[in-house]
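Enquirer:
Chains as they are written, first to last, in the numbering used here: chain A, 1 to 392; chain B, 1 to 392.
Quick look at the structure:
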C-alpha cells in the first residue's frame, strides 16, 4: 500500500484490545510535535530527557493523572518502561524490598487469579523465587466469574501485598467491588493492575497501595507504564539487607525510589510516548474528567451488552456473572467457530474492525475503550442484532 | 509557545547527546504513519503488536539491521524495552543463565571500565549479586584514554563474558581496537554496549558474543533497545537450576529466549518506535549503507577535531589519547567555565544547539551522530575557530 501523505482520517470504528484506538486530534498534535516541539527547531523525540521542555511534559502528565484520578498527596506518580509484564516483576521486587524494611523479614505475596493476566503476574512472582499464593483462582470456570472476596481464601501471615487485576482484557471480566477492610488486613496493601481500564471510571485511589497500568489501551501508545504508589511503601531495605534476607533485587532501571528521585528520567524516558499521555489526559480533563467519560463508557457497555442479551439464544457470554462483566472488553461467542469467523469478516467489511477474540479464548471481543465512540458502539450493536437474526 | 501545525521544518543544527537528531523525512513519514498506516484506517501506534503489519515492521527492521551490519546467520536480532540501563541488567542475567547451562557453575563477569556507562554496567552486575571484576579502570585518568588490552588485567577463570562500552557518550572516548584472541580466551564472549555508535561505522559482528544498543542516538527515539546475540549463547539453564546455583533470574520480560521465540512481541513492543527504526535503517541502506555513512562520519570528526586542534592553546580535550577519541561525541573545554557557558550561549544564538557538556563532566560536547549533517559540523568548526580567536 502507498503510505498516506495526510494527517486527516475518517473516524475509525476499531475495537482492538490493545494497542488500541486513540483520539485523532491527539495523534495529529503528536505528529506535529514529532517534527517541531512548541515552536522549537527540533521534535519531541529528539530533545534531551532532562531538558526543561521534557520535564514540563513529564510534570504535566503527572499533574493531569493526579487531577483525573483525584490522587491523594501521599502518593507518587511515575513512569517505567516494560509494560504490564515488566510491572509483574517490578511490583514484587519493590514491594518485597519494602516489606523487608518494615519487618526485617522476607514476605509472601497473595494473588487473586481471575484471568490470564493475573495468572501471569502470579506465575512471575513464583518464578522469581518469591513465596506467592493464590487467594482465589477461577480458572476452572474459565474465569467466567469473580467470586466475592468474602469467599476467598485467607490472607496469610507475613503477606506483603494482595494483587488483583482490575480488568482482565483477555477474558473480559472486571471487578465491581474491590477487597475491603473486612477481608484485607489494614497493613496489607492492595495492588491493582489496571492496564485495560485506567481512566475509564472513577477510582478511590486511597484504597490501594499501588496502581499499575500499561499505557497502550486507554491512554496512549505502547512503551510506558504508569505507577501510582503510596509514599510509605517506597521505604525500602538496603541492597545489602535484601541480599542477606535472600530477597531478589529489582534491576536498577525499575527501582521505584531511584526512578522517583529522578522524576522518571533515571534512564531515558520515551518522551514521545509521554507526550501522547499528556495530550490524552489533557483532553480528558477538557471534556469533563472521569465522571463524564465514565457515564459514556457505562452507556456504551449497556448498549452492547443489551444487544447481545436481546439475542441470548444466539450469543454466549463466557463471563456468566453479569456483575463481573467488563465495561472495556466485551467477550462473546456465536453458536459456532465458523459463525464467529463470519461475524468478524462481515463486521470488518462494514468498517467495524479489530473484533477477533484473543487466540487463547477464541470467539469475538469488542474492546470499547475511551477513544471508541458511542456511534461506533451503536453501529456494532445494530450489527450484533442483525447478524443474529440473519444466522439463527 | 504555540504548537506547530506543519510537518515542515528548517534543517536543524542540533548536537545533543541523545535523544538526538533524526532525519526530517523519517519523522515526516512516521508522523503520517501515526494517523494511518499504509492506507489503513488506523495508525501504527494503534494496531495489534501481533498483527501482520506489525510483524512486517519488526521483520523489516531486523532484516535492515542484518543487512547494514552484515550480521552472520548464527546471530539473533531482537528488541527489548528498558534502554541501555535495562541492558546492563538483562545482559548479566541472561549471560549467567547461559554460563550455568554450559558449565553447571555460577560465572564471573569481567568489565573494562572506560567511562561513565561501563562503570554503571559494572556496578549493576555487582549490585545484583554477581561476582564482577574490572580488567581495566581508567577513572583516575578521568577516562581520558583507553589503554591497549595488552595492558589490561587477566581474564579470570570462570568468566562468563567480558563487557566493553564501545563508545562512552559522557566522556567522549571510543575503542579503536577491540580485545582480540591474544587477550580474550575463545570461550569468553565479548559483549559490547554500542548505544551511542551503532550504525556509525563498520563492525565485524562475528567478533562479538552480543551487541546491545539503545535506539535514541543514531537509530530512533527512546523506548527500544536493540540486541544482536550469537545463537549458542541463548542456551540457558532452567529456572530451577539457576535457583539451585543461586544465580538471579531475569525478569520474564527480558528473558532473551522467550523474547526471541515471540519475535520481540512477548509483551507489547512499542511499535511506533520500531517503525522509526525501520525507516531510519531503510534510509541508511538506500543511501549506500554503513560504508557511506562511516566515510561521512570520519570526515565530520576530522573537521571538528581539526578545528579544535588548530586552536590547541585555547581548547583542552579531556580525551588526551587521540586514538581513543570518539567520532560521535566530541568533548572539549575552553580555558574557563565562564567561557564554556559563553561558547554554548553564542553558538545557540547562531542556531548551533545542544552543545552543553554532560553535567558530570562540564565543558562542551558536540554529538555528531549520523543525522547531524556535514554542513552543521562545518558551521560548528568555523564557530570553534572564530570563538577561540575572539576570546584568546
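Every residue, glycine too, gets a C-beta built ideally from N, C-alpha and C.
Report back the beta-carbon spacing between residue 19(A) and residue 271(B) to the nearest angstrom; my notes put them in contact at under 8 Å.
Expert: With a Cβ gap of about 7 Å, residue 19(A) and residue 271(B) count as contacting.
Enquirer: For residue 166(B), which residues of its own chain have a beta-carbon under 7 Å away from its beta-carbon, when the five flanking residues on both sides are left out?
Expert: Same-chain partners within the cutoff: 174, 175, 192, 193, 194 and 197.
Enquirer: Can you list, in chain order, the residues of its chain whose CB lies under 6 Å from that of residue 131(A), leaving out five sequence neighbours each side?
Expert: Correct list, in chain order: 108.
Enquirer: With 16 as the cutoff for other CB atoms within 10 Å, does residue 322(A) come out buried or exposed?
Expert: Exposed is the call here.
Enquirer: Got a sec? Which residues, its chain only, sit under 6 Å from residue 126(A) by beta carbon, not counting five neighbours each side?
Expert: Only 132 meet the Cβ criterion.
Enquirer: Would you verify that the beta carbon of residue 282(B) is, or is not, closer than 8 Å to some beta carbon of chain A?
Expert: Closer than 8 Å: no.
Enquirer: For residue 12(B), which residues in chain D fall below 7 Å Cβ to Cβ?
Expert: This model lacks chain D altogether, as its protein chains are A and B.
Enquirer: Going along the region 118 to 149 of chain A in order, which residues come within less than 7 Å of chain B, judged by CB to CB distance?
Expert: Against chain B - using a Cβ distance shorter than 7 Å - the residues of the region 118 to 149 of chain A are 124, 127, 128 and 129.
Enquirer: Does DSSP put residue 132(B) in a helix, in a strand, or in coil?
Expert: If DSSP states are grouped into helix, strand and coil, residue 132(B) belongs with the strands.
Enquirer: Which residues, taken in chain order from the region 215 to 227 of chain B, show a beta carbon closer than 7 Å to some beta carbon of chain A?
Expert: For the region 215 to 227 of chain B, which is checked against every Cβ of chain A, the residues closer than 7 Å are 216, 221, 222 and 223.
Enquirer: Taking C-beta pairs closer than 9 Å, name the residues in chain A that residue 16(B) reaches, listed in chain order.
Expert: The contacting residues are 42, 46, 47, 48 and 51.
Enquirer: Any idea what DSSP makes of residue 229(A), helix, strand or coil?
Expert: Of the three classes helix, strand and coil, the one that applies to residue 229(A) here is strand, per DSSP.
Enquirer: Leaving out five residues on either side along the sequence, give the residues of the same chain with a beta carbon under 8 Å from the beta carbon of residue 117(A).
Expert: Closer than 8 Å at Cβ, skipping near neighbours: 84, 165, 168, 169, 170, 193 and 195.
Enquirer: Between residue 111(B) and chain A, is any beta-carbon pair separated by less than 8 Å?
Expert: Residue 111(B) does not count as touching chain A.
Enquirer: Under 8 Å, Cβ to Cβ, is there at least one residue of chain A near residue 184(B)?
Expert: No - not a single Cβ of chain A is within 8 Å of the one on residue 184(B).
Enquirer: Please state whether DSSP places residue 17(A) in a helix, a strand or coil.
Expert: Correct three-state label for residue 17(A): coil.
Enquirer: Strictly by DSSP, which residues pair up with residue 168(A)?
Expert: Answer is 173(A), bridged to residue 168(A).
Enquirer: Thinking C-beta only, is residue 69(B) closer than 8 Å to residue 205(B)?
Expert: The answer is yes: Cβ separation under 8 Å.
Enquirer: What residue from 15(A), 232(A) and 246(A) has the CA that sits closest to residue 379(A)'s CA?
Expert: Nearest of 15(A), 232(A) and 246(A) to residue 379(A), Cα basis: 15(A).
Enquirer: On the DSSP bridge list, what partners appear for residue 212(A)?
Expert: Bridge partners of residue 212(A): 193(A) and 227(A).
Enquirer: Any beta carbon from chain B within less than 8 Å of residue 89(A)'s own beta carbon?
Expert: Chain B, which has a Cβ nearer than 8 Å to the Cβ of residue 89(A), makes this yes.
Enquirer: Cβ of residue 267(A) within 8 Å of Cβ of residue 253(A)?
Expert: The answer is yes: Cβ separation under 8 Å.
Enquirer: Taking the C-alpha atoms as reference points, what is the distance between residue 89(A) and residue 329(B)?
Expert: Answer to the nearest angstrom: the Cα atoms are 35 Å apart.
Enquirer: Which complete alpha helix (DSSP H) runs does the region 217 to 272 of chain B hold, if anything under 4 residues is left out?
Expert: Qualifying alpha helix (DSSP H) stretches, in chain order: 239 to 244 and 256 to 261.
Enquirer: From residue 1(A) to residue 51(B), what distance separates their C-alpha atoms?
Expert: Residue confidence is low: residue 1(A) scores 45 on pLDDT, short of 50, so the model does not pin down where it sits. Its coordinate-derived value is still stated next. Between residue 1(A) and residue 51(B), the C-alpha separation is close to 16 Å.
Enquirer: Which bits of chain A does residue 239(B) rub up against, with CB to CB less than 7 Å?
Expert: Near residue 239(B) (Cβ distances below 7 Å), the residues of chain A are 127.
Enquirer: Answer yes or no: does any C-beta atom of chain A fall closer than 8 Å to that of residue 181(B)?
Expert: Closer than 8 Å: no.
Enquirer: Given a cut-off of 8 Å on the beta-carbon distance, is the pair residue 44(B) and residue 222(A) in contact?
Expert: No; because the gap between Cβ atoms is not below 8 Å, this pair is not in contact.
Enquirer: Examine chain A for any beta-carbon lying closer than 8 Å to the beta-carbon of residue 257(B), and answer yes or no.
Expert: Chain A, which has no Cβ nearer than 8 Å to the Cβ of residue 257(B), makes this no.
Enquirer: Are any of the Cβ atoms in chain B nearer than 8 Å to that of residue 353(A)?
Expert: By this cut-off, residue 353(A) is an interface position.
Enquirer: Less than 8 Å between CB atoms is the rule here; does residue 161(B) satisfy it with respect to chain A?
Expert: No, residue 161(B) does not count as interfacial toward chain A.
Enquirer: Residue 80(A) bridges to which residues according to DSSP?
Expert: Note: residue 80(A) sits in a beta bridge opposite 225(A).
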